[in-house]
Amino acid sequence: MLYENPNIRKIAVLTSGGDAPGMNAAIRAVVRATNFYGKESIAVYRGYDGLIEGDFETLTARSVSNIIQRGGTILKTARCKGFFHAEGRAKAAENLRAHDIDALIVIGGDGTFRGATALYEEHGICVAGIPGTIDNDLAGTDYTIGYDTACNTVITAIDAIRDTASSHHRLFFIEVMGRDAGFIALRAAIAGGVEAVLIPEHMITTDELIKKLETGAKNKKSSSLVIVAEGGKSGNAMEIAQKVDEQFSYYDTKVTVLGHVQRGGTPSCLDREIAGRMGVGAVEAILSSKTGVMVGIINNEIAITSFAEVVKTKKSISLEMFRINEILAV
Ligand code: F6P
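Residues in the sequence shown are numbered from 925 upward in steps of one, following our numbering.
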């Protein structure tokens, strides 16, 4: 397939929302693919804030050397309030036109894509998106950039906590990120070998949890680990730990909240690989006149899904994974 579109000469790229490991690899891929196809690449700094303020810079293939292995985003990011207002979006579109920018690639989560949709629907700006969030809560892709690295960070922490938990005969509640989705929690539960996992999509009651822990105690477990996904209706790890501790005293109970440590660090091989593929895919989507679409990967193939579809669809979590963890935690 030929990717020649004379109407597109300059392609801008930005990162928006929470940063995620692998975003730099995606920026590199976008810039290099843009250059490969003979187009000019423009950086937009600080997400939509930078778009409204015209914080732009030309990037070359060399500008993105030595960033593939770095966490965070060299373009900086922001959760931009100004983009919720029509005037902010109008200013952004005006800045893009003033700089002769023909297309924009946004790297981020659903909020980022909502902003991009408005830009395209209200101002006819050609936009494509790349899923970048540790939460993996986006339809239209099996993996979002950053999710794999975050899961690896979580299991490294679980391994360390298990050492101290089993030395002290303790029960640990480990709270992980994910906003209101349990993808990090569930994958890390299986990979980390924990006794129980509480996710917003499938909560269990305190009584059910205690029953599980009692079974573990009967089976002579020297410690127990429970992963709690933030955003669950039953509360956070601290509240749940308190409730359990009041009724179950077999172990000494502790809580660890992993927090923003999950957002940083060297991106994993998987995150770098998908970032590279999605980055090239996004440039090729733009050059084949697609707009208002996210470039994801489904069943190891590039998959193009409209922003409208991505933002309206709730990605389903595999409850089969939940069942597997029950079996493994015996
Ligand atoms: O969306 C990514 C994420 O890390 C969520 O898991 C978390 O709920 C949120 O961002 C935290 O946002 P902030 O860094 O703005 O506190």
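All residues carry an ideal CB built from backbone N, CA and C; glycine is no exception. Computed from a predicted model, the values in this text were never measured in an experiment.
*Please state whether DSSP places I932 in a helix, a strand or coil.*
coil
_Residue(s) in a DSSP beta bridge with M1218_ = G1053, T1229
_On the DSSP letters alone, give me the boundaries of the alpha helix (DSSP H) that K1005 sits inside._
Where K1005 is concerned, there is no enclosing alpha helix (DSSP H), given that its DSSP letter is neither H nor E.
*Nearest CA to the CA of V968: which residue from V1121, R956, N959, T997?*
T997
*Taking C-alpha atoms, which residue in K1142, M1127, A1113, Q1166 lies nearest to I1151?*
A1113
*Would you report the Cα separation of N1076 and N931, rounded to the nearest angstrom?*
42 Å
*Opposite F980 in the DSSP bridges: which residues?*
V968
_Other residues of its chain near I1257: CB distance less than 6 Å, five sequence neighbours each side excluded_ = Residue 1257 lies beyond the range of the chain shown here (925 to 1254); nothing can be said about it.
_Classify M1162: buried if its beta carbon has 16 or more other beta carbons within 10 angstroms, exposed otherwise._
exposed
*asked:* Quick check: what's the CA-CA separation for K934 versus I976?
replied: 18 Å
*asked:* Less than 7 Å separating the Cβ of I1260 from some heavy atom of the ligand F6P?
replied: With the chain covering only 925 through 1254, there is no way to say anything about residue 1260.
*For T1057, verify whether its CB is less than 7 Å away from any heavy atom of the ligand F6P.*
yes
_For V1254, count the other beta carbons within 10 Å of its own beta carbon; 16 or more makes it buried, fewer makes it exposed. Which is it?_
exposed
*Sorry if obvious, but does the Cβ on R1103 come closer than 7 Å to a heavy atom of the ligand F6P?*
yes
*Since I1176 sits in a beta bridge, which residues does DSSP pair it with?*
Per the sequence shown, the amino acid found at residue 1176 is Asp instead of Ile. Answer by DSSP bridge pairing, in chain order: R1094.
*Give a single yes or no on whether R1187 has its beta carbon closer than 7 Å to a heavy atom of the ligand F6P.*
yes
_For I1134, the residue or residues it bridges with in DSSP_ = Answer is none; I1134 lacks a bridge partner.
_Let me make sure I understand the geometry here. Which of E1125, L1149, N1143, I1198 has the alpha-carbon closest to that of L1133?_
L1149
_Rounded C-alpha distance that separates I1128 from E1244_ = 15 Å
_Reduced DSSP secondary structure (H/G/I, E/B, other) of T1073_ = helix
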